[in-house]
Structure formats: C-alpha cells, structure tokens
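Comments concern the structure below.
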Amino acid sequence: MTFEEIAELEKKTLVPTYDRLPILAVRGEGCYLYDDRGKRYLDFLGGLAVNALGYGHPEVLAALRDESESLLHVSNLLYHRYQAPLAQKLASLSGLDRVFFANSGTEVTDGAMKLARAYARQQHASSGSFDRVEILAVENSFHGRTFGALAATWPEKYRRPFEPLVPGVRFVRLNDVSHLRDSFSPRVAAVLIETIQGEGGVVPIGEEFLKAAQELCRSTGALFIADEIQCGLGRTGRFFAFQKYGLRPDVVLVAKPLAAGLPLAALMARDAVAQALSPGMHGTTFGGGPVQCRLALKFLEIIERPGFLDRVREVGVYFRRQLEKLQGELRVIREVRGEGLMVAAELAVPGKAVVQGALEAGFLLNCTQEKVLRFLPPLIIERHHVDQLIAALRPILAALPLEQKEEKKEVHA
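In terms of the working numbering, the numbers along the sequence shown are unbroken and rise by one, the last being 407.
This is the structure:
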C-alpha cells in the first residue's frame, strides 16, 4: 500500500489519538530512518527515547533472531532464562534489590503508586490507621496515561477529559522546597518525581529540591520514587539521572529503551518495600517475556562498555554548546537546557513550523509544550550529526516571521 492509501485507511479505522508526521517509515539504519520513497531522515526523536541504539544494531538483531526461534512468550507462572539475570543487573545498577517487569512506563508508574500504598498499609497495620495514602507529584510533570499515572500528571489538557481520576494525588510547585516541606503530612505515602521532566519540556529538577524530597521521605517513612522512564538508562550519560546527585531512591522506574525497541518496563525497589506485594496483589501478562528480557540484557551490555556513556556526555555537551551558539545568533531561541542527549531549545514562538521545516530538510524532531524543541536522538549520534542539524535549523529559525521575533523582544523588555 502507498502512503496515501495507508493514511486514508487510518482515517477510517483508527481511533484518532495521534497527530502523525507525514512519513511512511519502512526501515532504519544507525541514526537514520527511511520512508517509502527512499528519503533519509536523521533522527533526533529516537522513537521518543526508545531507539537509544538507533536502528538495525547488529548485536540486537542477532539476539532477536536467535531468541525468536526459541520462545516468543511464556506465562509468568513459569520461569525462563532471562528475567532473573535482567532483574539482578538492574538491581545492581540502581543500588536496589528487587524488580517487577511490565510493558510500559505508565504501567510501572501505576505499580509504584500501588506499592506505595501497600507499603504504607503494611507499616501501619498494627495501629489500624490506614490514612497514609497520598502521593505528592510535581507541577509540570508527565507520568503516563492510565488512571493512576494520569492522576499524577500535571497538565489539565491530559487530565480534565477523564476526571474524576484516582484520588489522593497532590501537586507540589516545581523546585519550590518550602512548598514541598509544607505539603508533607502524615498522610503522604510517597513522592513521585521525574528527575528531568521530559514531556514538560526537558526541565531538570533542582538538586536542592531532590535532596529535600529524599530527606523528607527518609524522616517520615514515605517512599521516594524516581521516574527515570525518559531520562534513565544512559540518556544523560549516566545509567540514571539521579546518580548525578548521589541520591538513593526507594523505587526507580524505567522503560522506553530498555528492550531496544520492544515493550518492556521495570520497577526497582528496596527489598523491604518490595515485600509489601505478595502473589496475586499485582501482575501482568506480557511483562518480562523472554525476547524482551534477552534484548534488554544485550542493551545494558552495550551501554556498559567502556567509553559509551562518557561519549554520550561529551556529545551532549557539544550539542548544547552548538545550540547556545545558535541562540547567540537568533534571539528566537529563549533557552537551551538538558543533560547528556536529552536536550531542548525553548523558543519564543510556537515550534510546529520548525518541526515541519526540519522534516522537509531530512531531520526528525518534535515540539512539546508548544514552544520547546525536544531532542532525544539515539545515543550513538556523533558530533557531525549535531553539526548537520544545527546547519539545517539555522535558516529555518531565521525565517520565522518578524512579528514573532519581535514578540520575544517585548517579553524580555
């Protein structure tokens, strides 16, 4: 079928939940994606941080071929060869003890919220008081689209159509330590924080705020839950973004790149916390299947190799510096921020036209929060790829309407 035929068929048959880019993707190689017409796109979107090793990585494909001839699926009522070794690896990397596997980030977020309440109930069972049920989340956050995760997601555009949501979630002002302290009470079971907010526009949470959250959780018995679904697993040049500050969360959530392109997510927890769940209290049909777990072991093996994460940090620094130079030339760029290869350029004007212009020039990226260009490229990109993107963005940004540029001058007046 042609692109036009597929697009027309989707209009008739799919629930209209996506505003797709006009590309029929047919194959990928390294950092590049190819459409049905043979056009090549340098990918700075990375499947929304999923394709961390790019496309067609030979070691990943070899593991996929081999395991697909053995077991595609086995029930979680049985053992298979890869789930326990993967759990051991993730526990070791995170400094935690036990792991639960699911399919997606929103699922492990829901699992963490359930775990927080189960743990609080277990800790206070002898008193007969079960009112420690609140989850504190942070303004500007995005944790997923299921009813639990959505309740902890800040933007009203996501929440309002589906209210009432799961009760018991309250929001703390972003990086406001005083408000965080004032929000704590004996009812708080957990604090749920993206170490770097992704959908919110690549907004880092401040060190003081993160450390205060950890301190408050330690002193009250609440759980400190780090959502590393977008910023974890090498994206910042560290296995986990929270490691930059020496933090020790009680629960850590990962997903996106874990199985090198297949659905897999993991919840990691301290042993004492994990023991709050027993057989039958939580589960999943597909989470932690043999193919996914084997690919995840290969993914972790690759990013653990000497120099891999060092190079992610180095290219990330170079990327930000080149964007900052562009910012010096073009005042339409309001701010550059990010860590490693999780980078953003906030504009003074809406960025939809920039995404379209980049697409026509052969580059994939996206815009979040209306004005934030978000870059989540494969972790294997090199400096020359960054140079190509910057060269393409320069005329696109410079061509934005003059009245939009003047709007920025007024904002900074």
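Think of the CB as a built atom: it goes at the ideal place given N, C-alpha and C, for glycine as much as any other residue.
This one's a predicted model, so the numbers in the text were calculated from it and none came from an experiment.
By DSSP, does residue i sit in helix, in strand, or in coil?
| i | result |
| --- | --- |
| Leu71 | coil |
| Arg331 | strand |
| Pro389 | helix |
| Cys361 | strand |
| Pro198 | strand |
| Ser94 | In the sequence under discussion, the amino acid at residue 94 is Phe, which differs from the Ser named in the question. If DSSP states are grouped into helix, strand and coil, Phe94 belongs with the strands. |
| Gly40 | helix |
| Glu63 | coil |
| Gly301 | coil |
| Glu411 | An answer regarding residue 411 cannot be provided, because it is not within the stretch -5 to 407 covered by the chain. |
| Leu320 | helix |
| Glu128 | strand |
| Val182 | strand |
| Val326 | coil |
| Ile374 | coil |
| Tyr12 | coil |
| Val267 | helix |
| Ala253 | strand |
| Leu394 | coil |
| His406 | Residue confidence for His406 is low, a pLDDT of 37 falling below 50, so the modelled location carries little weight; the figure read from the coordinates is stated next. Coil, per DSSP. |
| Val246 | strand |
Using C-beta distances below 6 angstroms, list every residue in its chain close to residue i, excluding the 5 sequence neighbours before and after it, in chain order.
| i | result |
| --- | --- |
| Arg21 | Tyr28 |
| Ile219 | Ala106, Ala184, Leu186, Val245 |
| Thr100 | Gly138, Arg139, Thr140, Ala143 |
| Pro198 | Ile190 |
| Gln363 | Gly195 |
| Leu84 | Val93, Ala260, Met262 |
| Gly192 | Gln224 |
| His413 | Not covered by the structure: residue 413. The range shown for the chain is -5 to 407. |
Confirm, please, whether the CB-CB distance from residue j to residue i is below 8 angstroms.
| i | j | result |
| --- | --- | --- |
| His378 | Gly105 | no |
| Phe141 | Val160 | yes |
| Phe(-3) | Gly281 | no |
| Thr189 | Phe233 | no |
| Gly356 | Lys33 | yes |
| Gly255 | Val44 | yes |
| Arg92 | Asp265 | yes |
| Leu367 | Leu80 | no |
| Ala260 | Leu252 | yes |
| Arg154 | Glu133 | no |
| Val326 | Leu391 | yes |
| Ala112 | Ala270 | yes |
| Leu217 | Arg175 | no |
| Leu394 | Val343 | yes |
| Thr147 | Val182 | no |
| Gly226 | Val248 | yes |
What are the boundary residues of the alpha helix (DSSP H) that includes residue i?
| i | result |
| --- | --- |
| Val285 | 284 to 297 |
| Asp104 | 99 to 117 |
| Arg229 | Neither: Arg229 is in no alpha helix (DSSP H) and is coded neither H nor E. |
| Arg164 | No alpha helix (DSSP H) holds Arg164; the beta strand (DSSP E) holding it covers 163 to 166. |
| Tyr152 | 150 to 153 |
| Pro263 | With the sequence shown as reference, residue 263 is identified as Ala, and Pro is not the correct amino acid for it. Looking at the DSSP string, Ala263 is not in any alpha helix (DSSP H); the run it does join, the beta strand (DSSP E), is 259 to 263. |
| Phe369 | Unbroken run through Phe369 is the beta strand (DSSP E), 366 to 369; no alpha helix (DSSP H). |
| Ile0 | -3 to 7 |
| Glu354 | 346 to 354 |
| Leu241 | Per DSSP, Leu241 belongs to no alpha helix (DSSP H) and is neither H nor E. |
| Gly274 | It is not in any alpha helix (DSSP H) - Gly274 carries neither H nor E in the DSSP assignment. |
| Ala235 | No alpha helix (DSSP H) contains Ala235, which DSSP labels as neither H nor E. |
| Phe141 | 141 to 145 |
Using C-beta distances below 7 angstroms, list every residue in its chain close to residue i, excluding the 5 sequence neighbours before and after it, in chain order.
| i | result |
| --- | --- |
| Tyr239 | Glu201, Leu204, Lys205 |
| Gly162 | Val127, Glu128, Ile129 |
| Ala19 | Leu27, Asp29 |
Tell me the residue span of the beta strand (DSSP E) that contains residue i.
| i | result |
| --- | --- |
| Asp221 | 217 to 221 |
| Tyr26 | 26 to 29 |
| Arg175 | Looking at the DSSP string, Arg175 is not in any beta strand (DSSP E); the run it does join, the alpha helix (DSSP H), is 171 to 177. |
| Glu23 | 19 to 23 |
| Ala339 | 336 to 341 |
| Leu84 | No beta strand (DSSP E) contains Leu84, which is instead part of the alpha helix (DSSP H) from 77 to 88. |
Please go through the same chain and pick out, in chain order, the residues whose beta-carbon is closer than 8 angstroms to the beta-carbon of residue i, but skip the five residues on each side of it.
| i | result |
| --- | --- |
| Asp381 | Gln316 |
| Ser179 | Glu128 |
| Ala407 | With a pLDDT of only 32 at Ala407, under 50, the local geometry of the prediction cannot be trusted, and no value is derived from it. |
| His118 | Phe124, Arg126 |
| Thr278 | Asn70, Phe95, Ala96, Asn97, Glu101 |
Should the stretch 357 to 372 be called in touch with the stretch 198 to 206, which here means at least 3 C-beta pairs below 8 angstroms?
-> no
Taking one C-beta from the stretch 305 to 314 and one from the stretch 345 to 352 each time, how about it: are there three or more such pairs within less than 8 angstroms?
-> no
Determine contact between the stretch 282 to 292 and the stretch 56 to 68, defined as no fewer than three beta-carbon pairs at a distance below 8 angstroms.
-> yes
Three or more C-beta pairs below 8 angstroms linking the stretch 334 to 346 and the stretch 289 to 301 = no
Report yes or no: do the stretch 315 to 325 and the stretch 378 to 393 share at least 3 C-beta pairs separated by less than 8 angstroms?
-> yes
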